[in-house]
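Residue 236 in this note's numbering sits at position 240 of the sequence shown, and the numbers go up by one each step. Right, one structure below, let's go through it.
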Amino acid sequence: MASKRSAPPLPEPLSPLIDAHTHLDACGARDAADVRALLDRAGAAGVEAVVTIADDLGAARWAAEAATWDPRVYAAVALHPTRADTLTESARAELEGLAAQPRVVAIGETGMDLYWPGKLDGCADPSAQRESFAWHIDLAKRTGKPLMIHNRDADAEVLDVLHAEGPPQTVIFHCFSSGPAMARVCIDAGWVLSLSGTVSFKNARELREAAALIPPEQLLVETDAPFLTPHPYRGAPNEPYCLPYTVRALADVVNRPAELVAEQSAATARRVYGL
Ligand SMILES: [Zn+2]
Ligand SMILES: [Zn+2]
């Protein structure tokens, strides 16, 4: 969660970068001018484009509209697993309409979150999450757009639903935070893993082992801003311009130059999202 810590300084620029998963609305953007200011800051750090993600219906409407305000912004729409029990008939119809828009490039974030039930008031229970996840998988298949998965403490359940429903052609695990065994399963299935600032955290040894396994053509980078600010700014508000901190930390893990990691991950983002 964002704290009162001040914003991280602008990093040394690294380009080309694409932020594969961010929340511009939660970063404080309301209108086209706010979005432009955020993307101008990102651009100064080498971040050329972002995919802004919705986690409820209001956010989905906003994300789809924001993607029409600025050519550097694309959107993804879904109901977050913690809000799975708001997937009413009318919500389904509206999400289907938004998902068909050309600048909406993925269905997400959906998936399973077993961390929040019981801790967060109004959080959907696992069975509602499962049903919603299955519906979003079907929507990804019907639209031909990538499925973007949120997986928190739910490796086995996510794999179970994917196998039961049959995965769509393109599957992206956003903020991949599991260990090397789960990474291996996803890589062998041809899925795409997106790494966030968590890969830079000091206590992320297992995740770094996992990161080293991911082939460049299956690797994305993201901020998940305003959350998960990379080391050494953990706890400060995150924004797309902070992505170079994560990519430089990742470059050390995978033992490739940061410029190459940037270039390869941007090419992968363009390919999987069809940008
Ligand atoms: Zn998420
Ligand atoms: Zn997110």
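Where a beta carbon is used, it is the ideal one built from N, C-alpha and C, also for glycine.
How about C171: is its Cβ closer than 7 Å to a heavy atom in ligand 1?
yes
With 16 other CB atoms within 10 Å as the buried threshold, where does T84 fall?
exposed
Selection from R201, D51, L13, N234 that minimises the alpha carbon distance to E255
L13
F223 bridges to which residues according to DSSP?
Answer is none; F223 lacks a bridge partner.
Using DSSP bridges, identify the partner residues of F169.
I145, L189
Extract the residue ranges of the beta strand (DSSP E) inside the stretch 0 to 50, only unbroken runs of 3 or more that lie entirely within it.
13 to 18, 43 to 49
Quick one: Cα of E127 to Cα of V46, how far?
29 Å
Tell me which residues share the same chain as E205 and place their Cβ nearer than 6 Å to its Cβ, disregarding the 5 neighbours each side in the sequence.
P176
Y70 in three-state terms, based on DSSP
strand
Is H273 near ligand 1, judged by its Cβ being under 7 Å from some heavy atom?
Residue coverage of the chain in this structure runs from -3 to 271, which leaves residue 273 outside it and unanswerable.
When burial is assigned at 16 or more other CB atoms within 10 Å of the CB, is R68 buried or exposed?
buried
heavy atom of ligand 2 below 7 Å from H17 C-beta:
yes
Exposed or buried, Q125, counting other C-beta atoms within 10 Å across all chains shown (16 or more means buried)?
buried
Please state if the CB of A80 and the CB of A59 are separated by a distance shorter than 8 Å.
no
Express the C-alpha separation of A160 and E218 in angstroms, rounding to a whole number.
28 Å
Which runs of the alpha helix (DSSP H), 4 residues or longer, sit entirely within the stretch 84 to 136?
85 to 95
L216 in three-state terms, based on DSSP
strand
Ligand 2 heavy atom lying under 7 Å from the CB of I14
no
Going by DSSP in three states, E205 sits in which element: helix, strand or coil?
helix
Whole-angstrom distance between E259 and Q214, CA atom to CA atom
13 Å
Between the beta-carbon of G231 and the beta-carbon of R26, is there less than 8 Å?
no
Consider the C-beta atom of E218 and the heavy atoms of ligand 4; say whether any pair is separated by less than 7 Å.
By its list of ligands, the structure shown excludes ligand 4, since it contains just ligand 1 and ligand 2.
Can you give me the Cβ contacts of A3 inside the same chain, cut-off strictly under 8 Å, excluding the 5 residues immediately before and after it?
A232, P233, E235
Taking 7 Å as the limit between beta carbons, can you name the residues of its chain near A207, skipping five residues before and five after?
L191, V195, L246, V249, V250
Looking at the structure shown, is S196 part of a helix, part of a strand, or coil, going by DSSP?
helix
Distance between V31 and D66 (C-alpha atoms, nearest Å):
7 Å
Exposed or buried, N147, counting other C-beta atoms within 10 Å across all chains shown (16 or more means buried)?
buried
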